[in-house]
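**Student:** The following block contains the structure, expressed as structure tokens.
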Amino acid sequence: MKPLKLTMTAFGPYKDTEVIDFSVLSEQRLFVVSGNTGAGKTSIFDAICFALYGSASGEDRSDSKMLRSHFADDQVYTSVDFEFELKGRVYRVYRQLAHVKAGNKVATGDRYELYELVHGEEVALTDRQIVSQIDQKIRELIGLTKEQFIQIVMLPQGEFRKLLTSETENKEEILRRIFKTGLYKHVADHLNEKRKEMQQIGQSLQKTRDLYIEQVKSALGGRESSALYNVFRQEYYNTHQVLEALDQEIAYYAGQTNEKKQLLERETAEQQRQTALYHQAKSINEQFDLLEQKAAAWQQLAEQEPEYREKAARLKRAEQAVHLQVYERHDFEAADDLARKEKLLETALAQSEAAKQLLETAAALYAEEEGRKADREQALRELDRLQGYLPTVKQLDSKQQLVAALAAEAEKLSKQTEQVQRELEQLRTERSAKGARVKEIEERVASLPDKSARLAVLRQQAQIVQDYLKLSEKAKKELQAEQSAKAAYDHANELYTAMEERWMEGQAGLLASLLQNGEACPVCGSVHHPHKAAASGDAPDKEALDRLRRDKSDAEKAYLQAQAELAATRRQMDERLQEVREHGFDPSDIRHIFDELVKEGKALADEEKTLKEQHAGLLEQRKGLEAVDQRLEELRIRKEQADHAYQEKKTSYAREKALFDQALTALPEDARSLNQLEERIRQAEQHKSRLESAWQEAQQRYQEASGQNIKAQENRSHAESQLTDARAQREKARQSYAEALSQAGFATEAEYKAVKMGDAERLALKERIEAYNTAVAANRAQLEEMTAQLAGKERRDLVSLEQRLQELERQVEALRAECQTAERQCKEAEESKEKIVRAEQTWQDAEREHGLVKELYDVVRGENSKKISFERYLQIEFLVKIIHHANERLARMSGGQFYLVRSERMEKRGKQSGLGLDVFDNYTGQLRDVKTLSGGEKFNASLCLALGMADVIQAYEGGISLETMFIDEGFGSLDEESLNKAIETLIDLQQSGRMIGVISHVQELKQAIPAILEVKKTKEGHSYTRFVVS
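In our numbering, the protein residues as written are 528 to 1557.
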């Protein structure tokens, strides 16, 4: 990947659009990015990384929202446009950040584009210009992830040293991202999850087995003479013991079941025999009871005989009256029909009279409307006359509307012209005020540089004076601390000296007490001891003396420390005092001087702040003035256009108005207005329509009234005829009904109705009489049969038989319950044994599988003597290759003094190991940790390691084109010789075809490299760039 052109807009310190054209380097492949701190050097590399991967190059700038320029206008979006060459083909990637504009609630404006430039044309490389597809395509083209890119192509500040000095765990994470060995970590994580899962399954299965055993204990463990009871009484027992005891319980309950079943069979047979005897006796007693019931029923039937004879007579008379119901119904229907026919005749007479009156009214209206024929003909002639004017008036109305529209437009344009004139006058007044305001601000901010310079001097002087005052206060406190420490030391020394003398005296007395005449003194050698030292009774022990010695030593150290701190502070005071005098300040009045400096500085800072705010607003004021000038020009042009349009429209109005007036005089007064004419036509049409409608309505009403009158007369005649027929039918039905009553033996109609019954009532009475006769016959037959059957038999005592039977039932139920209990307990024991055996086997299988998974997990995660995981074992191979390539360059850069070695030492506190780095020093012949290297040595080693990694990744990935490398800082820590060797290394890389960009403040580096990309700040704070190629 080789950069061609980078365009940044509102990015970092670059306020507007900044273009960096790398083609100006021509054949120069090595260049330095130079500029003051904070100017925006690293932002160039951030922009490249953002264009390719959507985020900056350093971890501390990973949030893309931080990339937007604080100087940018709110309407300008932050974007990066990057053109680069890869394997002979040119690509352009564009990313634009969304941001929340003023007045909006959500971020808008994000854009992502990726093209290949083919013969000057842009060809899209993705189906859709969306960030996910573009990110994927970029990774496919370059062949590197962002993590790989910033490790081998773009080396940000502090990032590429991580691989050198970080712990094994950090190196593991770096190598995982770069060489994609995360799969093996996922394998270890999966095995760990599987191990935990199998452990939980084993624990769950063990709990299940223990639960089954507890169920056995609660259900079957209560028989005190059983082996199972004895097992559960033990404090500890195992599954095997429980299963053996369960086998004995199963055998015991099986024997109990057989024994109870035999007893149950014998008792059941005796119960069945007693049951048969009881039911036989009960049947005989029930027959005697039934005989008594039948005799009582016969007596009741005999008592009901007179009642049923009377009911039979009533039934006979009711059946005689049945055939008279037809004559009764015919008589009723004829009377009802006569009443209806009389009602119909009454209605027909009323309708006939109403129809006659309606016909007379319709005839009078018909005659009236027939006489208005002349009015109808006159209305038609008036309508034809008015409609004849309509086409001409319509044309004239259109012309009138055109004239009115032209008049309105002319009036509107006149008002617009007046409005533009007023706006022009207002804007000229505003322009005058704005111009005066800009001039006033320019005059005021002209003094800003002098104010800022004076404020910087005041701040420097105030800092010097303040430092001197702080040191003075510090010296006072340290003097007090030194005096206190000296007093503490003197006191501790006195205590120690006094105790030491007492201790020495005690030691002399102890030694004297051991001397014997004739024996040499261990101190002086004399064999005579005329004046022995007396032993002291309050001599201190050695521990107390040592304690005071330590107190004295601590007090002495504190005293010496206080002296040193006071001396250092006084030296600093002397240095600051010299600076105070150099600025012409009187040390004796230093506090007052400081207060005056602060007072003057605050006033000046406030004034500077105000001027800066006015200066910041000056640009906006100037833009506002330019906007007003532009609007003035636009209004002047609008004014000319409005005047021209008004004159044209006024001329058109006068021409059309004259034509309209001429056409209007050719029409009568009542037809000159289209609205009036159309209204006259509408009224004429309505008048004509009313006359014709009234004539048609009169004709229709006369026809309808004539028809209704004829129909009403016909209905009247028909009703009179029907009434005559109904009266004859009523008389005939009445005579037939009277003759039938007489023939049936009924003297009067009232006598007939007294015995008449409905069909349901008559049928019910007949069924009751037949049921009574049937019951009498049946009861008589049953009495004779049962008397014959019970001849020679007598009642039995059922109470004693029932008591014996109930006793046998209780015995059988008790035996059956005992048998079922024994069977149930035997079955429970068998099922419990099966559950426990199955649970035990499942738990053992799970434990074996857990053991296998745990063993495999320990192997993969590196739980071994060297603390090397499987993933790290593979990473070591990559690291060894990286070290090999790095040492080729490090040997040259260090003059053969250093080469890197993979460390074999174990990390402390059982941490994972294997990826640590040591350095071998050929000057000392010793191997040591890379962290002991100096800053410059670390930079050389880190650079070589990064270049070695680039070589390995390029070989590992295959097909990756690494034509460019960017390095951010680090050269400032090198001495002259190391810097020259680093430059030689960069030149070697350049000669191999790579483009190398270096951010550095080192002057020697800028002098040694002919191409420089300068980054500078403006007075407003934002930055710009330019290439300087010698």
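No residue lacks a Cβ here, since even glycine has one placed at the ideal position from N, Cα and C.
What did DSSP end up calling D1445 once you bin it into helix, strand or coil?
**Tutor:** In the three-state reduction of the DSSP assignment, D1445 falls in the strand class.
**Student:** What first and last residue would you give for the alpha helix (DSSP H) that runs through S659?
**Tutor:** V658 to I669
**Student:** Between the alpha carbons of Q1203 and Q1210, how many angstroms are there, rounded?
**Tutor:** 10 Å
**Student:** Within the chosen definition, does the region 560-579 reach the region 596-608 through at least 3 CB pairs nearer than 8 Å?
**Tutor:** yes
**Student:** Applying the 10 Å Cβ sphere with the 16-neighbour rule, what's the burial state of Q884?
**Tutor:** exposed
**Student:** In the structure shown, what three-state DSSP assignment does E554 receive?
**Tutor:** E554 falls in the coil class under three-state DSSP.
**Student:** Who are the near neighbours of A1169 in its chain, counting only those whose CB is closer than 8 Å to its CB and skipping five residues on each side?
**Tutor:** Cβ within range, chain order: L940, Q943, T944 and V947.
**Student:** Identify the residues that DSSP records as bridge partners of S561: which are they?
**Tutor:** E1541
**Student:** Just to confirm the assignment, what range does the beta strand (DSSP E) spanning P530 have?
**Tutor:** K529 to F538
**Student:** Short of 7 Å in beta carbon distance, which residues of its chain neighbour Y835, apart from the five on each side in sequence? Order them along the chain.
**Tutor:** I1296 and Y1299
**Student:** According to DSSP, M1492 sits in a beta bridge with which residue or residues?
**Tutor:** I1523
**Student:** Find the nearest neighbour of V650 within the set V658, I657, S659 and E640, judged by alpha-carbon distance.
**Tutor:** E640
**Student:** Comparing C-alpha positions only, which one of D543, M528, E612 and L531 sits nearest to T1545?
**Tutor:** D543
**Student:** Out of T766, L755, Q726 and V930, state which residue places its alpha-carbon closest to the alpha-carbon of D737.
**Tutor:** T766
**Student:** Once you ignore the five residues that flank I1526 on each side, which residues in its own chain have a CB closer than 6 Å to its CB?
**Tutor:** V560, K568, D1495 and E1496
**Student:** Please specify which runs of the alpha helix (DSSP H), each continuous and at least 4 residues long, are wholly inside the region 1242-1319, giving them in chain order.
**Tutor:** 1276-1282 and 1286-1316
**Student:** Assign G1443 to buried or exposed, taking buried as 16 or more other Cβ atoms, counted over all protein chains shown, within 10 Å of its Cβ.
**Tutor:** buried
**Student:** If you run the structure through DSSP and keep just helix, strand and coil, what is S606?
**Tutor:** strand
**Student:** What is the DSSP secondary structure of F1554, reduced to helix, strand or coil?
**Tutor:** strand
**Student:** Give me the DSSP bridge partner(s) of Q623.
**Tutor:** S606 and R638
**Student:** What number of angstroms, rounded off, separates the C-alpha of F1493 from the C-alpha of D601?
**Tutor:** 32 Å
**Student:** Which residues in the same chain as W1370 place their Cβ atom closer than 7 Å to its Cβ, once the five residues preceding and following it in sequence are excluded?
**Tutor:** G729, L732, Q733 and R736
**Student:** Would you identify the three-state DSSP class for A1169, choosing helix, strand or coil?
**Tutor:** helix
**Student:** Looking at the strands, I want to know which residues DSSP matches up with F1112.
**Tutor:** None, per the DSSP bridge assignment.
**Student:** Check whether the Cβ atoms of A808 and L1328 lie closer than 8 Å to each other.
**Tutor:** Against a cut-off of 8 Å, the Cβ pair of L1328 and A808 comes out as a contact.
**Student:** For K961, which residues in the same chain have their Cβ closer than 8 Å to its Cβ, ignoring the five residues on either side in sequence?
**Tutor:** Q1148, G1151, L1152 and V1155
**Student:** Count the other CB atoms within 10 Å of the CB of N785; is the residue buried (16 or more) or exposed (fewer)?
**Tutor:** The residue in question, N785, is exposed, as its Cβ has fewer than 16 Cβ neighbours within 10 Å.
**Student:** If the criterion is Cβ atoms closer than 8 Å, does the pair L985 and L1138 meet it?
**Tutor:** No, the pair does not count as a contact, with Cβ atoms beyond the cut-off.
**Student:** Tell me the rounded alpha-carbon separation between L982 and D1133.
**Tutor:** 10 Å
**Student:** Please classify E648: does DSSP put it in a helix, a strand, or coil?
**Tutor:** strand
**Student:** Using the C-alpha atoms, what's the distance from Y739 back to D774?
**Tutor:** CA-CA distance, D774 to Y739, rounds to 16 Å.
**Student:** Should M725 go down as buried or exposed, given a rule of 16 or more other Cβ atoms within 10 Å for buried?
**Tutor:** buried
**Student:** Take every Cβ of the region 1244-1256, pair it with every Cβ of the region 908-919, and state whether three or more of those distances are shorter than 8 Å.
**Tutor:** no
**Student:** Given a cut-off of 8 Å on the beta-carbon distance, is the pair L652 and L1406 in contact?
**Tutor:** no
**Student:** I need the DSSP call for Y756, collapsed to helix, strand or coil.
**Tutor:** helix
**Student:** Below 8 Å, can you find three or more Cβ-Cβ pairs linking the region 690-700 to the region 1467-1479?
**Tutor:** yes
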